[in-house]
Amino acid sequence: MEQPEEKMVIPLGTLALMALRTLDLLGPLHGYGIARRIEQISGDLLAVGQGTLYPVLLKLEQEGAVQSEWGASENNRRARFYRLTRAGRRRLQQERQDWDQTTEIVARFFRVKAEELQ
Amino acid sequence: MKAAKRFLARLGSYGTRTRDEERLREEIEEHLKLQTEQNARAGLSPAEARRQATVRFGAVEAIKEEYRDGRRLPLLETLFHNTRYGFRQLRKKPGLTATVLVTLALGIGANTAIFTVDYATLLAPLPYPDAGQLVMVWSTIRGGRNAVSTADFLDWKRESRVFQDLNAQTESSFNIATRAQPENVEGRVTTPGLYRMLGYPFFLGRDFLPEEGQPLNDHVVILTHKFWQRLGSNPHVLGATLRINSEPYTVVGVFAPGLTDRGQGEFSVPLAFRREQLNRDTRWLDVMGRLKPGVGIKQAQSDMYGVTKRLAGSYPTTNKGWGVSVEPLKNDFIPASRITTLWLLLGAIAFVLLIACVNVANLLLARSLVLQREMAIRSALGAKSGTIFGQRLTESLLLSLAGGALGVGCGYAMLQGLIAVTPPNTLPSEADLRLNWPVLLFTIAATTLAGLLSGCAPAWYASRVDAADALKEGGRSGAGPHRLRRLLVVMEFALALPLLAGAGLAIHSFWNLMNVDLGVRTDHTLTFFLDAPDARPSTPPSTTAYYRKMLDGIAAVPGVSHVSVETGTPLLGTGFHPHFFIVGEPGYLDPSLRPWVGVRAITPGYFATFGIRLIEGRAFTDRDTFTSTKVAIVNQYFADRFLRGKNPLQMRVSIPQLLAGPVRVGEPVQWQIVGVFHNVRSRGLREDDAEICIPFWQAPWPSAGVGVRMSGNPMAALDSIARAVHAVDPEVAVANPRTMAQVRDDVLASDRFNMILFLSFAAIGLVLAGVGIYGVMAFSVAQRSHEIAMRMALGATRNRVLKLVLEEGARLACCGSGLGLIGAYLVGRAMQSTLFGVGSLDYSALTIVGLILLATALVACYLPGRRAASLEPMQALRRE
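Chains A and B supply the protein sequences, listed in that same order.
Here the numbering used here is used: the first residue of the first sequence is 27, the next is one more, and so on.
Here the numbering used here is used: the first residue of the second sequence is 1078, the next is one more, and so on.
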């Protein structure tokens, strides 16, 4: 059995962000689809038990960022499809800005050299 | 905001839990299927494909759990769950539940009842509109407050700037003709504005009109609701005539039920000042005022100070040295010692509740021990200690809530009982004793506190059970819980001792009062009062003739050995309380510095009737008449205090002439002292008072008390005595007939009442403490049967085993009592002002209650001790 590489543990809260972005990018998806896409996009570098996605989706739904309804999956079985709401889209935008800002600030700390601070 | 949204979503999803659960299961199943298919396409065997999919998904149950947590309302749900669990647990043990409920219901009920009394009396606002504006205004001299003279009252009313209104009132008793015999009833005499000023509601009719405060217009009466009911609840009573003191009075109103029904008087008539009453030396009015809006007590006090200072300047003979005190109406009529007593009773009953709580804690703890294995198994299966703590605490809160609900009912019953046995005039008439919202809030607070207090220790203990230990020991408990239970017993005794000490002090104080040398014999003596109507014309000769006839008539009743007329009954008062001075002594020249003295006018039979001892000189005789030399007999206290080092029989005292009819002080008259008599308690039983007796025939007074000494039972002869009285005067009532023993009991009523309350609280506390120590020892013996059997097998005798148990009980009781000494001392300090002849550290009372407590502990331990001693060692050991 293949031994998994040293995988990154995802920071708290970012799983929700990833799910939102995936739905934003690809439109309505069922849970399995979202999990697969996250793995695909992250290049299998993240150690996500696929199941942990479901409590996150529930929380997002309770907060009104996504909506869900039953639909038919690829092979015509019942599956629950998640769709981004308008509030979810706004939230994604907001969180994206926050994220960019945070990374920018952290990046500055890494760029900065001692002599520049004289 | 987000949290609120989520809470609402959760609340919304609360009812759809099963559907959501189903949805999740379906989603997971679908997910796994898709992943399995994917894996199979990648070339894995079907079984391996499924396995890999499951591994990839993660721990399904944990995720389900997390998902469920996300949907739930944890607090509400836990509460609901715990409550159901609690109910189940309580139903399983009806005996224990009932014991706990009864204990709590009694404790909470008693607290509710006592708090109701305290609240209504001391805390509740007065039942008048803008009650904060109502004040009493007293005359003061040498720091003490006094009633107010008519002329002063009228000047105050005219000259003060701070009152909306100022009214005067006094109490009086009247003869009325309601039945075959005339009857004597109390009534209030008030200036016409009083009830309007108070804002007192009427049931029928109207208040007095201002002009009804004038003589000749004043024959109108307002009935209290209860008196109206007694007269037959006639709805057309307005305009009817009531004969009061043989004169017709027109009924103009009936008060609303409630407040005035709890007061002393049966009706109210207008206070109309007659010309001869407009003086400054008779102080007889209670003055009540309503302050103008925005005026405080301080401002009123300084305004009235100016007024009284001017009056003192203008009328030095009567007003020099007299000041004024403006006091809030609230609690102005309750003596300070009674306020202390009311708070003390609440404190005592709170102690009872605390002991009850400790007891309940003990019972629950015992149950925790029994449930130890269950708790251990549950905690081994993963129950968090917080969960167990919560469950156990919910259980005891449930118990206390049920106990509180029962307690309200219990409290209501106790309150009715309390009202029935409270001596009259103990509480102000404004105090409306009923269960209301503040009282219920108090009960709820007490209940919650009781639940927390009694629940915390057992819950804490249950939540800390070490699963491994508990299961390993095969159900036999370790030392820890038992130590906690013993600590609780020590606490119980530490609480019980102050309670018992309080009762001990109250009893000792009452015992002292019972054994006070009253100075009179209380056996075979009947007393009553003849209240001659004010308006009946009377001159000294006519009054003398009237009472001579009375005395002759009563003396002729069979069985009567002595009879006397006196202006005041011993133990109740002397009748008059004027200034006096000793003739020829300097230092009495300034009238405002002259001391007061009790003055009693008596007929010659007085000393024999009441069994009062003469120490020196002679008693009065029938030769001391209106025209002979004025003579007086003083009491021992008077001689010691004012005539020290002199021969009393050579001194003369000067007191103002007693003028019958008009309420007014006469010119000073000198009286030659001819005797000294043994002190008679006349102002309560607690202290002696200076007293002068003068011959009734030299100062005849229309209204007087009568004392009769009989050979048989005095009450049995009452009818024939009343017939003798009515043969002389058919209109006068035989008012308030009592034997001297009854008079003494009535004087002691409130002391006895306090003592009984303290005693019953202490008795409850003692029983609870006894039950507590019994429970602990019985349980301990049952738990230690193995050890005890072992000891016996090794040669311990049965007596030694019994001694072992008794010793442990005694040790606990002594520890507790020792700690309780601190509390007992504090209780004694707090009770000091209400006690008579008892110090705050009363060793005899403390010793006795300590012994009682120890004896209770030993009796309570004897039963479990006997059980331990009668153990059959072999059987007990085999059972293990």
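All residues carry an ideal CB built from backbone N, CA and C; glycine is no exception.
- Message: For B/I1899, count the other beta carbons within 10 Å of its own beta carbon; 16 or more makes it buried, fewer makes it exposed. Which is it?
- Response: As a working mapping, residue 1899 of chain B is identified with position 822 in the second sequence. The residue is exposed, with fewer than 16 neighbouring Cβ atoms inside 10 Å.
- Item | Proximal residues of chain A, C-beta to C-beta of B/R1100 below 8 Å | Walking along the second sequence from the start, residue 1100 of chain B turns up at place 23. Within 8 Å Cβ-Cβ: R106.
- Item | chain B contact for A/E28 (CB, 8 Å cutoff) | On the first sequence, position 2 is the one that residue 28 of chain A refers to. Legend: pLDDT at A/E28 = 42, less than 50; position of this residue unreliable, value from coordinates given subsequently. A/E28 does not count as touching chain B.
- Task: Within 10 angstroms of the Cβ of B/W1514, are there 16 or more other Cβ atoms? Answer buried if so, exposed if not.
- Result: Here residue 1514 of chain B corresponds to residue number 437 of the second sequence, with the count starting at 1. Looking at its Cβ environment, which holds fewer than 16 other Cβ atoms inside 10 Å, B/W1514 is exposed.
- Short check: CB of B/G1752 to CB of B/G1694, under 8 Å? Counted from its first residue, the second sequence places residue 1752 of chain B at position 675. Counted from its first residue, the second sequence places residue 1694 of chain B at position 617. Yes, Cβ-Cβ distance for B/G1752 and B/G1694 is below 8 Å.
- Query: Rounded to a whole number of angstroms, what is the C-alpha to C-alpha distance between A/A133 and A/D126?
  - Reply: Sequence index remark: in the first sequence, residue 133 of chain A carries index 107 (1-based). Sequence index remark: in the first sequence, residue 126 of chain A carries index 100 (1-based). Approximately 10 Å, taken between the alpha carbons.
- Query: Exposed or buried, B/K1407, counting other C-beta atoms within 10 Å across all chains shown (16 or more means buried)?
  - Reply: Counting from one through the second sequence, the residue named residue 1407 of chain B turns up at place 330. Looking at its Cβ environment, which holds 16 or more other Cβ atoms inside 10 Å, B/K1407 is buried.
- Task: Give the interface partners of A/G75 over in chain B, defined as CB-CB distance under 8 Å, in chain order.
- Result: The count along the first sequence starts at 1 and reaches residue 75 of chain A at position 49. Going along chain B in sequence order, the residues near A/G75 (Cβ under 8 Å) are R1133, F1134, G1135, A1136 and I1140.
- Just the Cα atoms here: how many angstroms apart are B/T1525 and B/F1230? If you number the second sequence from 1, residue 1525 of chain B lands on position 448. If you number the second sequence from 1, residue 1230 of chain B lands on position 153. If I take the Cα positions, the gap works out to 53 Å.
- Run through the stretch 1710 to 1749 of chain B for me and flag every whole beta strand (DSSP E) of 3 or more residues, listed as ranges in chain order. 1729 to 1735
- Message: With a threshold of 8 Å between beta-carbons, can A/W125 be considered close to chain B, or not?
- Response: For this step, residue 125 of chain A is matched to residue 99 along the first sequence. It does not; no Cβ of chain B falls within 8 Å.
- Ordered along the chain, which non-local residues of its own chain (more than five positions away) have a Cβ less than 7 Å from that of B/L1199? Indexing the second sequence from 1 puts residue 1199 of chain B at position 122. Taken in chain order, the residues that qualify are N1408, I1416 and L1419.
- Using a Cβ-Cβ cut-off of 8 Å (strictly less than) and excluding sequence neighbours within five positions of B/R1729, which residues of its own chain qualify? Stepping through the second sequence from its first residue, residue 1729 of chain B is reached at position 652. Taken in chain order, the residues that qualify are I1659, V1660, G1661, Q1747, W1748, Q1749 and I1750.
- Query: DSSP three-state call for B/S1554: helix, strand or coil?
  - Reply: If you number the second sequence from 1, residue 1554 of chain B lands on position 477. Caution applies to B/S1554, whose pLDDT of 48 falls short of 50 and renders its modelled position unreliable; the value that the coordinates give is listed next. Coil at B/S1554, not helix or strand.
- Task: May I have the straight-line CA-CA distance separating B/T1702 from B/Q1775, to the nearest angstrom?
- Result: Stepping through the second sequence from its first residue, residue 1702 of chain B is reached at position 625. Stepping through the second sequence from its first residue, residue 1775 of chain B is reached at position 698. Spanning the two alpha carbons is a distance of roughly 5 Å.
- Message: Run through chain B and tell me which residues come within less than 8 Å of A/T40, C-beta to C-beta.
- Response: Residue mapping note: residue 40 of chain A aligns to position 14 of the first sequence, counting from 1. By Cβ distance, chain B contributes nothing, its closest Cβ being about 17 Å from A/T40, past 8 Å.
- Based on the DSSP output, what are the partners of B/N2027 in its beta bridges? This structure cannot settle anything about residue 2027 of chain B, because the visible part of chain B is limited to 1078 through 1957.
- Task: Enumerate in chain order the residues of its own chain whose CB-to-CB distance from B/R1469 is below 8 Å, with the five nearest sequence positions on each side excluded.
- Result: By 1-based counting over the second sequence, the position of residue 1469 of chain B is 392. So the qualifying residues of the chain are L1441, S1445, G1532, P1535, A1536, A1539 and S1540.
- Query: Are the beta-carbon atoms belonging to A/Y58 and B/E1107 less than 8 Å from one another?
  - Reply: Taking the first residue of the first sequence as position 1, residue 58 of chain A is located at position 32. Taking the first residue of the second sequence as position 1, residue 1107 of chain B is located at position 30. Contact flag set, yes.
- Is there contact here, the stretch 1190 to 1207 of chain B with the stretch 1372 to 1390 of chain B, by at least three beta-carbon pairs under 8 Å? no
- If we count the other Cβ atoms within 10 Å of its Cβ and call it buried at 16 or more, is A/I146 buried or exposed? There is no way to answer for residue 146 of chain A, as the model of chain A reaches only from 27 to 144.
- Task: Determine the direct distance from the alpha carbon of B/S1797 to that of B/E1260, and round the result to whole angstroms.
- Result: Translated into the one-based positions of the second sequence, residue 1260 of chain B becomes position 183. Translated into the one-based positions of the second sequence, residue 1797 of chain B becomes position 720. Taking the straight line from one Cα to the other gives about 16 Å.
- Message: Cβ closer than 9 Å: which chain B residues qualify as neighbours of A/G114?
- Response: By 1-based counting over the first sequence, the position of residue 114 of chain A is 88. Those do not exist, as A/G114 stays about 13 Å from chain B at its closest Cβ, beyond 9 Å.
- Item | Cβ-based neighbour list, B/T1395, same chain, cut-off 6 Å, excluding 5 preceding and 5 following | Your numbering for residue 1395 of chain B matches position 318 in the second sequence. R1357 and D1358.
- Message: So B/G1488 and B/L1181 are supposed to be a Cβ contact under 8 Å. How far apart are they, rounded?
- Response: Stepping through the second sequence from its first residue, residue 1488 of chain B is reached at position 411. Stepping through the second sequence from its first residue, residue 1181 of chain B is reached at position 104. So it is not a contact: roughly 12 Å between Cβ atoms.
- Hey, B/H1958 and B/F1332 are a contact pair by Cβ (cut 8 Å); roughly how many whole angstroms apart? Chain B is shown only over 1078 to 1957; residue 1958 of chain B falls outside these bounds and no answer can be derived.
- Query: Distance, Cα to Cα, B/T1268 vs B/N1322?
  - Reply: Along the second sequence, read from residue 1 onward, the residue named residue 1268 of chain B stands at position 191. Along the second sequence, read from residue 1 onward, the residue named residue 1322 of chain B stands at position 245. Their Cα atoms are separated by approximately 19 Å.
- Nearest-angstrom Cα distance between B/G1847 and B/G1459? As a first step, residue 1847 of chain B is located in the second sequence; it is residue number 770 there, counting from the start. As a first step, residue 1459 of chain B is located in the second sequence; it is residue number 382 there, counting from the start. Distance between the alpha carbons of B/G1847 and B/G1459 is about 39 Å.
- Message: Please confirm whether A/S99 has its beta-carbon closer than 8 Å to some beta-carbon of chain B.
- Response: Taking the first residue of the first sequence as 1, we reach residue 99 of chain A at position 73. So yes, A/S99 belongs to the interface.
- Item | Rounded separation between B/P1663 and B/G1722 - CA only | Counting from 1 along the second sequence, the entry for residue 1663 of chain B is found at position 586. Counting from 1 along the second sequence, the entry for residue 1722 of chain B is found at position 645. Going from the Cα of B/P1663 to the Cα of B/G1722 covers about 16 Å.
- Residue(s) in a DSSP beta bridge with B/E1324: For the purposes of this step, residue 1324 of chain B is taken as residue 247 along the second sequence, with counting starting at 1. For B/E1324, which the question treats as bridged, DSSP gives the partners B/I1321.
- Message: According to DSSP, is B/T1503 part of a helix, a strand, or is it coil?
- Response: Position 426 of the second sequence, counted from the start, is the residue given in the question as residue 1503 of chain B. The answer is coil: DSSP assigns B/T1503 none of H, G, I, E or B.
- Message: Is there a C-beta anywhere in chain B that falls below 8 Å from the one on A/T128?
- Response: In the first sequence, counting from the first residue as 1, residue 128 of chain A sits at position 102. It does not: the Cβ of A/T128 has no partner Cβ on chain B nearer than 8 Å.
- Should the stretch 1599 to 1615 of chain B be regarded as contacting the stretch 1563 to 1571 of chain B, the criterion being three or more beta carbon pairs within less than 8 Å? no
- Message: So for B/N1261, helix, strand or coil by DSSP?
- Response: In the second sequence, the residue the question calls residue 1261 of chain B occupies position 184. Strand, per DSSP.
- Query: Between A/T78 and chain B, is there a C-beta pair that is closer than 8 Å?
  - Reply: By one-based count along the first sequence, residue 78 of chain A stands at place 52. Chain B, which has a Cβ nearer than 8 Å to the Cβ of A/T78, makes this yes.
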